[in-house]
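S.K.: Handing you a structure now.
2 protein chains.
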Amino acid sequence: MARVRTAEIVAVGSELLTPFRLDTNSLVITERLNELGVALTGKSVVGDDRSRLATRLREALARADLVVATGGLGPTADDVTRDAAAEVVGRELVEDPAVLSTIRERFARRGVRMPEINRRQAQVIAGAALLPNPYGTAPGQLLEIEGRLLVLLPGPTREMQAIFDESVRPRLERSGAPGVERRVVKVTGRSESQVEEIAHPIYARWLDAEPVIETTILASPGVIELHLSTLAEDAALGREALERAARELEAALAPAAFSIDGRPLERVVGKLLHDRGWTIAVAESCTAGLLLARLTEVPGSSAWVLGGVVAYADDVKTRHLGVPASLIASEGAVSAAVAEAMADGVRERFGADVGVGVTGIAGPGGGSDAKPVGTVWIAVSAANRARQRYLFPGDRQAVRQHAVAAALDLVRRQSGVWVPT
Amino acid sequence: MARVRTAEIVAVGSELLTPFRLDTNSLVITERLNELGVALTGKSVVGDDRSRLATRLREALARADLVVATGGLGPTADDVTRDAAAEVVGRELVEDPAVLSTIRERFARRGVRMPEINRRQAQVIAGAALLPNPYGTAPGQLLEIEGRLLVLLPGPTREMQAIFDESVRPRLERSGAPGVERRVVKVTGRSESQVEEIAHPIYARWLDAEPVIETTILASPGVIELHLSTLAEDAALGREALERAARELEAALAPAAFSIDGRPLERVVGKLLHDRGWTIAVAESCTAGLLLARLTEVPGSSAWVLGGVVAYADDVKTRHLGVPASLIASEGAVSAAVAEAMADGVRERFGADVGVGVTGIAGPGGGSDAKPVGTVWIAVSAANRARQRYLFPGDRQAVRQHAVAAALDLVRRQSGVWVPT
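Line by line, the protein sequences give chains A and B. Reading the first sequence from the start, the letters are residues 55 to 475 in our numbering. Reading the second sequence from the start, the letters are residues 55 to 475 in our numbering.
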């Protein structure tokens, strides 16, 4: 078998073209292909339409060493993958007696007569290798055409996955391709273009290096991720190259880079607290519980998270955090002084080592010229204190997510200058 | 403009070819296209590779009346959609001074100098209509080539959606196709198969009715959605049919159906509180702020949400909610009595009309035979009181999401029996 380096996935099913369903099978296949050193170069979704599917399969086979089609192997008239694939490779469909009797037995074991339409599932493309299906009636099929591979798998994930693992993987392993290694560098407090400006001159070099390292930047509110990957003939060498690359980016992006091992920000902060044996308590206004929810996403976080107060109403800030009403009146609820008083208040009242206060305007209402929507004050109260004003872009949800990331990051950075109380 | 009947979507981004990301933008676009009577005939995902993208765009334009490309309009070198599209249509890219100054101003408003690489986002394909981006720097672009439409939209969902709604939709509406009408019925507190058992005999009939109504069931932790749709030559008749259908399901699924107009549970609860002029305060343990975060997702929620206490540590339950330490010792932190004491405590201490207490075991650790992972007690304290034990399936995140939905639902149901205090 020719060495397989590139693959495309074609997901078949009209339901996958509605607003309600996504092709998630391709994630399962991609993970496996990557492990086998096969790069996914594209994927497609097409409805239960024989001619459209045939076109897609033809296009994919023209581009990739391996094409995996999922779905459309059922017994009904709108299951057209067998027919479309036979047309594309110019071969006949033949009823396989062994497959047919397997299907009949499967029904018999459940005490059910095989419906006549299930005969369709015994149709095999002439010359195809049959891939047994341990969990369903439709076997997979594998064809080699002019040095390229076409694999047909059923749509149900469990069946698709089992057939891939039992019958497709061993064939690809024999083709002996190297695997893809990955690393993720995570950055906060910088925009995508700020990160790009620093990172691009670095990762651009890696495209000419040996091994080649490819970099993709992903942005979400509060976190920018740089995904590094390399196709490694030698996995250990690939991992070493990625380790060096990740450390180079980390140094260039310091102190904004907070993780080079995939850990999310709340785990990084959790570990800092855990290592010191310190506890944290949080007072939130605009983020209204999201910061505490993030901190407690980490299993075992009850060791360092005590809890906190969501002080949505001003009166709650005064009564439950001890923020003087006069301070709110003079400075405004969204101010440095109030953020600090919230952080101090929750720290003292909860008996925590670290207190955090977050107050801001998430929108859509409540903004002014002096304090537009997106204005957030965050304060950290510990042995040392820090406070910071932010102006976050985006809608209510984005502002809240940005604020959570910024608060976690302020704790992380501040921890570097913590001294024992 | 020619009438647009078919469309393909091409999602651009190497991250969408990893095992970690799916193209979810296409769902948003598909929904809108369907409303406009446009059928999606296929979709593709391609990496940040100019030549592969150009091939995909060419193929799609050969098949569909409209091709929507999302992503790859950012400022970085791996954002290649502008270049690929210009190549496909055989036109030049030109820097647009007006777009450039808009981008500069956008940065200036946030007090930041525009990084030089953002100039790339001002490049426009000669002859393209510019589609303003209210939320980001990259405008969309629209081209008409030989009677077909090519639309380029940025990848961030919010930007993509706003540009589609403000600039693409009006152009397609003028092409005057019959639209798909939709309704969503939302249910909580029932499993997908329980909902299916009740709903299937009802919606199966609609497939033979006039107009035909199609139903899709979608499940997520805590909420089951039934999506009804009909292709209506006459929009008003279609909406009437869906209204009747939605009401039939609502009645059959009462009292678990909480919304037939798309409103999420937190809005339904918010409206109940708002209509009564009542306020709410929340005491959370295992959900650790998620319930408050959900309640405050509704803009304007400061009118009815006072705030609350996240009592992750037992000591916090005692000191800040008045839950007797002896009660925690005798009943356990996850118990009916503690949930009620939390609800009562937060209600009294915050001076709210309604108090909610949530305590449970989200896992992965902390479970026992008597109280396995997934056990959650929720109490609502108002003029009347309610408490309920739950055993939720799934991992830490799923248990927390289930608990938030259940708490909101308990407030909703309990509100029916509230009497003035």
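Even for Gly, the Cβ is constructed at its ideal location relative to N, Cα and C. Quick caveat, the model's predicted, so the values are computed rather than measured.
According to DSSP, simplified to helix, strand and coil, what is E264/B?
M.R.: coil
S.K.: Just verifying my parser: in three-state terms, what is the DSSP assignment at A337/B?
M.R.: It is a strand residue.
S.K.: Which class does S80/A belong to by DSSP, given the choice of helix, strand or coil?
M.R.: helix
S.K.: Are there 16 or more other CB atoms within 10 angstroms of the CB of N476/A, so buried, or fewer, so exposed?
M.R.: This structure cannot settle anything about residue 476/A, because the visible part of chain A is limited to 55 through 475.
S.K.: State the DSSP-derived secondary structure class of V458/B, mapped to helix, strand or coil.
M.R.: helix
S.K.: Determine the chain A residues that contact L81/B at a beta-carbon separation under 9 Å, and present them in chain order.
M.R.: Contacts between L81/B and chain A, judged by CB atoms closer than 9 Å, involve T72, P73, F74, R75 and L76 in chain order.
S.K.: For D449/A, would you say it is in contact with chain B, using Cβ-to-Cβ distances shorter than 8 Å as the test?
M.R.: Yes, because at least one Cβ of chain B sits closer than 8 Å to the Cβ of D449/A.
S.K.: Ordered along the chain, which non-local residues of its own chain (more than five positions away) have a Cβ less than 7 Å from that of D398/B?
M.R.: Answer for D398/B: G409 and S435, listed in chain order.
S.K.: Identify the contact partners of R106/A in chain B, using a Cβ-Cβ distance below 9 Å as the criterion.
M.R.: T95, G96 and R117
S.K.: What did DSSP end up calling T429/B once you bin it into helix, strand or coil?
M.R.: strand
S.K.: Do A123/B and I179/B have their CB atoms nearer than 8 Å?
M.R.: no
S.K.: Do you know offhand how far R443/A's Cα is from D463/A's?
M.R.: 13 Å
S.K.: Starting from the C-beta of G236/A, find all residues in its chain whose C-beta is less than 6 Å away, skip the five residues before and the five after it, and write them out in chain order.
M.R.: Reading the sequence as shown, one finds Arg at residue 236/A and not Gly. Excluding positions up to five away in sequence, the list reads S283.
S.K.: Counting Cβ pairs, one atom from each stretch, are 3 or more of them under 8 Å apart for the stretch 414-421 of chain A and the stretch 367-379 of chain A?
M.R.: no
S.K.: Between the stretch 319-335 of chain A and the stretch 255-268 of chain A, do at least 3 Cβ pairs fall closer than 8 Å?
M.R.: By the criterion of at least three beta-carbon pairs nearer than 8 Å, the stretch 319-335 of chain A is not in contact with the stretch 255-268 of chain A.
S.K.: Excluding the five sequence neighbours on either side, which residues of its own chain have a C-beta within less than 7 Å of the C-beta of A461/A, listed in chain order?
M.R.: If we look at A461/A and ignore the five residues flanking it on each side, its Cβ neighbours are L345, V410, V412 and I432.
S.K.: Residues of chain D with CB under 7 Å from Y366/B, in chain order?
M.R.: Among the protein chains of the structure shown, namely A and B, there is no chain D.
S.K.: The ligand MN and V153/A: does the residue's C-beta get closer than 7 Å to at least one heavy atom of that ligand?
M.R.: Only the bare structure without any ligand can be found here, which leaves the ligand MN out of the picture.
S.K.: Using a Cβ-Cβ distance cut-off of 8 Å, determine whether N187/B contacts chain A.
M.R.: no
S.K.: Taking C-alpha atoms, which residue in E146/A, A114/A and V100/A lies nearest to D132/A?
M.R.: V100/A
S.K.: At the level of alpha carbons, what is the spacing between E69/A and D119/A?
M.R.: 28 Å
S.K.: For chain A, check one thing: does any of its Cβ atoms lie closer than 8 Å to the Cβ of L346/B?
M.R.: yes
S.K.: Could you give the distance in angstroms between the alpha-carbon of A337/A and the alpha-carbon of V364/B?
M.R.: 10 Å
S.K.: Hey, L326/B and L76/A are a contact pair by Cβ (cut 8 Å); roughly how many whole angstroms apart?
M.R.: The Cβ separation is near 33 Å, so there is no contact.
S.K.: Could you work out which residue in L349/A, Y366/A and A367/A is closest to V359/A when comparing CA atoms only?
M.R.: L349/A
S.K.: Could you check what DSSP says for V92/A in three-state terms: helix, strand or coil?
M.R.: coil
S.K.: If we count Cβ pairs, one from each stretch, closer than 8 Å, do we get three or more for the stretch 209-222 of chain B versus the stretch 71-88 of chain B?
M.R.: yes
S.K.: Quick one: any contact between the stretch 84-94 of chain B and the stretch 135-155 of chain B, if contact means 3 or more CB pairs under 8 Å?
M.R.: The stretch 84-94 of chain B vs the stretch 135-155 of chain B: no contact.
S.K.: Since T413/A sits in a beta bridge, which residues does DSSP pair it with?
M.R.: W431/A
S.K.: Along chain B, in chain order, which residues have C-beta atoms closer than 7 Å to that of V370/A?
M.R.: L360, G361 and F404
S.K.: Does chain B have any CB closer than 8 Å to the CB of V99/A?
M.R.: yes
S.K.: Output needed for V427/B: all residues of its chain with C-beta closer than 6 Å, excluding positions within five of it in sequence on either side, in chain order.
M.R.: I415, G417 and G421
S.K.: With 16 other CB atoms within 10 Å as the buried threshold, where does R163/A fall?
M.R.: exposed
S.K.: Got a sec? Which residues, its chain only, sit under 6 Å from V458/A by beta carbon, not counting five neighbours each side?
M.R.: T341, L344, L345 and R348
S.K.: With the cut-off set at 8 Å, would you say V153/A and E62/A are in Cβ contact?
M.R.: no
S.K.: Given that a residue counts as buried once 16 or more other Cβ atoms are within 10 Å of its Cβ, and exposed if not, what is R298/B?
M.R.: exposed
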